[in-house]
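Below is one structure, written out as structure tokens, with a few remarks after it.
In this note's numbering, the protein residues as written are 320 to 590.
Below, the structure written as structure tokens:
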């Protein structure tokens, strides 16, 4: 549930912030709110259609090896999550500057009003696609999640992301964005690692590399994976009571590589 909530929180917070930026940049534009509503509505409808189409597409692939489909989806989710983590800070800053320029141009009348709806529509659809893919990745990596947990995660994450975005827009609360995104980045790295280590379970590599599929340790006597604490740790940091060596290697590699990239990015910015 926490992983689902984190995904919805992160993506809807970004949509809310983008919407807030465009609204602030076009505050004196007549019928601005109408175009904002149109952009959000069309984005939600389009995202819903994509989600429905994705499920239909999956049904068409039922005759294809399910393990292969799972590997492709999980691997794609890992790649996109890593891209989100690495580009989050610079992408958001660049996008904010561009949206402000567009907003000023709309206010000056140099570009049409429907540009407001277009920007918001693209933002909603982009985040919607990421939500669909990331959520599917989490569901495939954690079979214990029930529909109730998924629904609760969606509701909590959505309300949290939208509420925080609105609060930041109106200045109700003041949080330094670098700290907020730092916490989100750490959680996303752990989430990505927990999805990545599920891929070996869908690959027939144990026949060729049996030693890597042996358990690195067994902590079931300390924290059982099916316990409340174990389930919480599983969806937050990818806890497994008997992780294989290949899962441990992939987990550490993911954290080390992505953390190193972010460290070097921050070093370049500071210099």
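Even for Gly, the Cβ is constructed at its ideal location relative to N, Cα and C.
Check	Outcome
Contact check, residue 484 vs residue 361, beta carbons under 9 Å	no
Residue 534 - DSSP class collapsed to helix/strand/coil	strand
Close-in-space but distant-in-sequence residues of the same chain around residue 593 (CB under 6 Å, 5 per side omitted)	With the chain covering 320 to 590 only, the question about residue 593 has no answer from this structure.
From 367, 399, 428, residue whose alpha carbon lies closest to that of residue 351	428
Secondary structure, beta strand (DSSP E): runs of 3+ residues fully inside the stretch 538-590	none
Expected contact under 8 Å - CB spacing of residue 585 and residue 561 to nearest Å	That belief does not hold up - the Cβ atoms of residue 585 and residue 561 are roughly 36 Å apart, past 8 Å.
Residue 392 to residue 543 span [Cα, whole Å]	28 Å
Spatial distance of residue 389 from residue 458 (CA atoms)	11 Å
Segment limits, alpha helix (DSSP H) that includes residue 328	321-344
Candidates 521, 583, 528: closest to residue 386 by CA position	521
Buried/exposed call for residue 315, threshold 16 Cβ in 10 Å	The requested residue 315 is not part of the displayed model; the chain covers only 320 to 590.
Contact check, residue 340 vs residue 450, beta carbons under 9 Å	no
Endpoints, the alpha helix (DSSP H) within which residue 469 is located	466-489
Distance CB(residue 435)-CB(residue 422) smaller than 9 Å	yes
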